[in-house]
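Worksheet: the structure to be examined is printed underneath.
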Amino acid sequence: MSTGQSVQNNVGSGFNLCYEPWIPVLYASGKVQIVSLKKLFEDSGTIRKIHAGDATTDVAILGVATVVLFRAILTDSGEYGELYTSPKNWIQGVRSGDPERLKFIFDYLEKYQNRFDLFDAERPFMQVADLHTSKCEVKPVSRLVLDSESEYFSMRAEQTLTSLNYAEAARYLVTVQAYDYSGIKSGAVGDPRVKGGRGYPIGVGWYGATGKIIVHGENLTETLLYCIDYEQLLNVERVRGKNHRLALQDKPVWERELPDTAAPRAYTGGDPTKYKDEPTPATGMCEILTWQSRRVRLFPENGRVTGVLVSNGDKWLDRNTYTDPLTAYRFSKNQSTQTHYVWMPQTHSAERTLWRGADALLTRLSSSQEKQNKPATVIRQISSGKYFSPDTKTKIQLVGMVYGTQSSIVEETIDESVTLELGILTEQGAEISAMVRDNIQLTMDASIALGQYAGNLLRAAGKEYEFRPSVTESILHRMEDEFRSWLADLSVSDDVSAQAAKWQSKVRRILEGEADQLAVSAGPKAAIGTIYDEQLYNTAKARRQFGGRLYKLLPLAYSSTPTEKKEEGNE
3 MSTGQSVQNN VGSGFNLCYE PWIPVLYASG KVQIVSLKKL FEDSGTIRKI HAGDATTDVA
63 ILGVATVVLF RAILTDSGEY GELYTSPKNW IQGVRSGDPE RLKFIFDYLE KYQNRFDLFD
123 AERPFMQVAD LHTSKCEVKP VSRLVLDSES EYFSMRAEQT LTSLNYAEAA RYLVTVQAYD
183 YSGIKSGAVG DPRVKGGRGY PIGVGWYGAT GKIIVHGENL TETLLYCIDY EQLLNVERVR
243 GKNHRLALQD KPVWERELPD TAAPRAYTGG DPTKYKDEPT PATGMCEILT WQSRRVRLFP
303 ENGRVTGVLV SNGDKWLDRN TYTDPLTAYR FSKNQSTQTH YVWMPQTHSA ERTLWRGADA
363 LLTRLSSSQE KQNKPATVIR QISSGKYFSP DTKTKIQLVG MVYGTQSSIV EETIDESVTL
423 ELGILTEQGA EISAMVRDNI QLTMDASIAL GQYAGNLLRA AGKEYEFRPS VTESILHRME
483 DEFRSWLADL SVSDDVSAQA AKWQSKVRRI LEGEADQLAV SAGPKAAIGT IYDEQLYNTA
543 KARRQFGGRL YKLLPLAYSS TPTEKKEEGN E
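The sequence shown begins at 3 in this note's numbering and counts up by one.
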């Protein structure tokens, strides 16, 4: 679609996100339903989670809902005062999700309801009303589907997706603002960065540059309460005997006095050729979780969205900005200097996501070390014990996006989760969390040893030794469910050594079973062996070396068995 669709104001039949159903949810009863933003909060005590079928969409919508809750608390003096005076008691009183207790949220939504209209003539939700290019181009709605640039998104699928209902369009819109890929965009009239009708890359959406960590409660109310950064919310400044809430300056996109234009907010006018696009720091969690990394315009026609325009928006600052509570921050050695240290948002690893992600969750700040990764605020405030009961078991979800080719395409979505007792994240759980981290590393090392063993079997069969990474990654993948189950059963009251021995014994059993299968697959030639460097290499020798390595790595798995001399070697 190009100039075939007239470019006029986004006036559809009206679709207000506060009252129209657009958010798919899963209730505790198992029922799946699409609800409005108001209904989301009304039923938050019986809703288990947002359930759009895509983790990134779930998180993007959750971010909007979290900001609504944050601002509703902040702007209600009564609720804010109670929370400020007694955080734990206030949270305990709200977490059931009783609609009567959440009246302050409904008051907030009513106050700003006009800002949630998807097709408002002047400031449509998360859009620019008059966004257009010099040629009045309009793109197909498939542009809203983030993997549409991927080779896996077929031409047939793109041709089939000719329109979206308003609820679908709203979900895609929020997701695009959060996770859009980088690359060339439509050059919007009024954007000083446009050259030759093109908008050149400014990076992915903010959410896409981070690894999101979501702590899930028993219901959606609890989940939202976990997502809030209470240090930001309760930060006050004493002026002339009165407390001033500093977070009042941290406004989401729908509360800002002026609507967005095609230009970045940092542009204040003047010669556009002299404008230098610098990243802008976010004021706080409300601004960053609703960051407008793109300028978007939806084109409605006959009750459907049939076209879209996506251009560059605001460039975010990612260095030493700790406003997002849902991501951890890594120390960047490459970008730091002797006098200036730099921390960047930490993304989730596409490889061994569960193992590395769980390790990051259990990382603690050390007072004696400055150059260290910083855990996400949602994890740190749990460990502080100020806001939540430590004896609760919760599911912690890791969500991220993996991009390819200069971040211009989406390669995959990361979605992993673990269940654990919150007490493990507190000071009382320091010993057991350290044990878990140690055993995560031992498990990965033992799996590497299995890959080395598979390489030695190649040599035994007369081939060149070659480490087998596929064997290592396969066994780690197979052990993920076992690890989740073990982690979910852990408690701060457990005997740390006994739990470590339990896990190491399990790893030993699984790896030895896999080693048996690899030996069979290696065949009789490997069993007989090959002379290499004046030594006989066969299956038996490879197995002894592997056993020696396991004996060193997993000592507690052998603590109840007779000690025997083990042979060790990587090759």
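Glycine residues also receive a C-beta, built at the ideal position from the N, C-alpha and C atoms.
query: Are Pro281 and Asp320 touching if we call contact CB-CB under 9 angstroms?
result: Position 279 of the sequence shown holds residue 281. Position 318 of the sequence shown holds residue 320. Yes.
- prompt: Just how far apart, CA to CA, sit Gly47 and Gln35?
  reply: To locate residue 47, count along the sequence shown from 1; it is residue 45. To locate residue 35, count along the sequence shown from 1; it is residue 33. Roughly 15 angstroms separates the two Cα atoms.
field: Burial state of Asp326 (16 or more Cβ within 10 Å)
entry: The count along the sequence shown starts at 1 and reaches residue 326 at position 324. Result: buried.
message: Applying the 10 Å Cβ sphere with the 16-neighbour rule, what's the burial state of Ala264?
response: As a position in the sequence shown, residue 264 is number 262, starting the count at 1. When all chains shown are included, Ala264 counts as buried.
Every unbroken alpha helix (DSSP H) inside the region 210-240 [4 residues or more]: Here the runs fully enclosed are 222-229 and 232-235.
task: Taking 8 angstroms as the threshold, find out whether the region 66-74 comes into contact with the region 237-248 through three or more Cβ pairs.
output: Contact between the region 66-74 and the region 237-248 is absent, because fewer than three Cβ pairs lie under 8 angstroms.
- request: Give me the Cβ distance between Leu2 and Ile52, rounded to the nearest whole Å; I'm assuming they're in contact under 8 angstroms.
  value: No information on residue 2 is available, as it lies outside the stretch 3 to 573 that the chain covers here.
- request: Mind listing, in chain order, the continuous beta strand (DSSP E) runs of no fewer than 3 residues lying wholly within the region 13-45?
  value: Counting only runs of 3 or more, we get 25-29 and 34-37.
- prompt: Should His342 go down as buried or exposed, given a rule of 16 or more other Cβ atoms within 10 Å for buried?
  reply: Mapped onto the sequence shown, residue 342 falls at position 340. Exposed is the call here.
field: Beta-bridge pairing of Asp417 - partner residues as DSSP gives them
entry: Indexing the sequence shown from 1 puts residue 417 at position 415. Its beta-bridge partners are Val401.
- request: Give the DSSP-derived three-state secondary structure of Tyr82 in the structure shown.
  value: Mapped onto the sequence shown, residue 82 falls at position 80. Residue state, collapsed to three classes: helix.
task: Using three-state DSSP, classify Asp119 as helix, strand or coil.
output: Counting from one through the sequence shown, the residue named residue 119 turns up at place 117. It is a strand residue.
message: Using the Cβ count rule (16 or more neighbours within 10 Å means buried), how would you classify Pro126?
response: Along the sequence shown, read from residue 1 onward, the residue named residue 126 stands at position 124. Pro126 is buried by the Cβ-count criterion.
- request: Measure the beta-carbon distance from Val438 to Pro254 and round it to whole angstroms, keeping in mind my assumption that it falls under 8 angstroms.
  value: Start at 1 with the first residue of the sequence shown, and residue 438 comes out as number 436. Start at 1 with the first residue of the sequence shown, and residue 254 comes out as number 252. That pair is no contact at about 37 angstroms.
message: Could you give the first and the last residue of the continuous alpha helix (DSSP H) run that contains Met446?
response: As a first step, residue 446 is located in the sequence shown; it is residue number 444 there, counting from the start. In this chain, the alpha helix (DSSP H) harbouring Met446 covers Ala432 to Ala462.
C-beta contact flag for Tyr405 and Arg545 at 9 angstroms: Locating residue 405 in the sequence shown gives position 403, counting from the first residue. Locating residue 545 in the sequence shown gives position 543, counting from the first residue. Here Tyr405 is not near Arg545, since their CB atoms are 9 angstroms or more apart.
task: Look up Met287 in the DSSP assignment and say whether it is helix, strand or coil.
output: Residue numbering aside, residue 287 sits at position 285 when the sequence shown is read from its first letter. The three-state secondary structure of Met287, taken from DSSP, is helix.
message: Quick test of the definition: if touching needs 3 or more C-beta pairs under 8 angstroms, does the region 137-150 touch the region 306-318?
response: Contact annotation: the region 137-150 touches the region 306-318, with at least three C-beta pairs closer than 8 angstroms.
- prompt: How long is the line joining the alpha carbons of Gly198 and Gly192, rounded to whole angstroms?
  reply: Taking the sequence shown and counting its residues from 1, one reaches residue 198 at position 196. Taking the sequence shown and counting its residues from 1, one reaches residue 192 at position 190. Each residue's Cα considered, the two are about 13 angstroms apart.
- prompt: Going by Cα to Cα distance, which pick from Ala524, Ser449, Leu459 and Arg461 is closest to Gln510?
  reply: In the sequence shown, counting from the first residue as 1, residue 510 sits at position 508. Reading off the sequence, residue 510 comes out as Arg, not Gln. Comparing Cα-Cα distances from Arg510 to each of Ala524, Ser449, Leu459 and Arg461, the minimum goes to Ser449.
- request: Compute the distance between the beta-carbons of Arg97 and Leu236, then report whether it is under 9 angstroms.
  value: Taking the first residue of the sequence shown as 1, we reach residue 97 at position 95. Taking the first residue of the sequence shown as 1, we reach residue 236 at position 234. No, the Cβ-Cβ distance between Arg97 and Leu236 is not below 9 angstroms.
field: Residues that DSSP places opposite Phe301 in a beta bridge
entry: As a working mapping, residue 301 is identified with position 299 in the sequence shown. Phe301 is bridged to Gly309.
- prompt: Leaving out five residues before and five after Tyr269 in sequence, what residues of the same chain have Cβ atoms less than 7 angstroms from its Cβ?
  reply: As a first step, residue 269 is located in the sequence shown; it is residue number 267 there, counting from the start. Cβ contact annotation for Tyr269 (same chain, cutoff 7 angstroms, sequence separation greater than five): Pro194 and Tyr277, in chain order.
- prompt: If we count the other Cβ atoms within 10 Å of its Cβ and call it buried at 16 or more, is Ala500 buried or exposed?
  reply: The residue given as residue 500 occupies position 498 in the sequence shown. Around the beta carbon of Ala500, a 10 Å sphere encloses fewer than 16 other beta carbons of the protein chains shown; the residue is thus reported as exposed.
task: Round the Cβ separation of Leu452 and Val473 to the nearest angstrom and send it over; I've been treating them as touching at under 8 angstroms.
output: Stepping through the sequence shown from its first residue, residue 452 is reached at position 450. Stepping through the sequence shown from its first residue, residue 473 is reached at position 471. With 8 angstroms as the limit, Leu452 and Val473 qualify as a contact, their Cβ atoms being about 6 angstroms apart.
task: List the whole-angstrom C-beta distance separating Ser213 from Gly402, where the pair is believed to meet the contact cut-off of C-beta under 8 angstroms.
output: Within the sequence shown, the letter at position 211 stands for residue 213. Within the sequence shown, the letter at position 400 stands for residue 402. Reading the sequence as shown, one finds Gly at residue 213 and not Ser. That belief holds up - the Cβ atoms of Gly213 and Gly402 are roughly 5 angstroms apart, short of 8 angstroms.
query: With respect to the alpha helix (DSSP H) encompassing Arg545, which residues constitute its N-terminal and C-terminal limits?
result: Residue 545 sits at position 543 when you count from the first residue of the sequence shown. For Arg545, the enclosing alpha helix (DSSP H) starts and ends at Thr541 to Leu555.
task: Determine the contact status of Asn314 and Trp345, defining contact as a CB-CB distance below 9 angstroms.
output: Along the sequence shown, read from residue 1 onward, the residue named residue 314 stands at position 312. Along the sequence shown, read from residue 1 onward, the residue named residue 345 stands at position 343. Annotated as distal: Asn314 and Trp345, with beta-carbon spacing of 9 angstroms or more.
message: Mapping the DSSP letters down to three states, classify Phe57 as helix, strand or coil.
response: Within the sequence shown, the letter at position 55 stands for residue 57. Residue 57 is actually Ala in this sequence, not Phe. The answer is helix: DSSP assigns Ala57 an H, G or I state.
- prompt: Are the region 210-225 and the region 440-449 in contact at 8 angstroms, needing three or more beta carbon pairs?
  reply: Cβ pair count under 8 angstroms is below three, so no.
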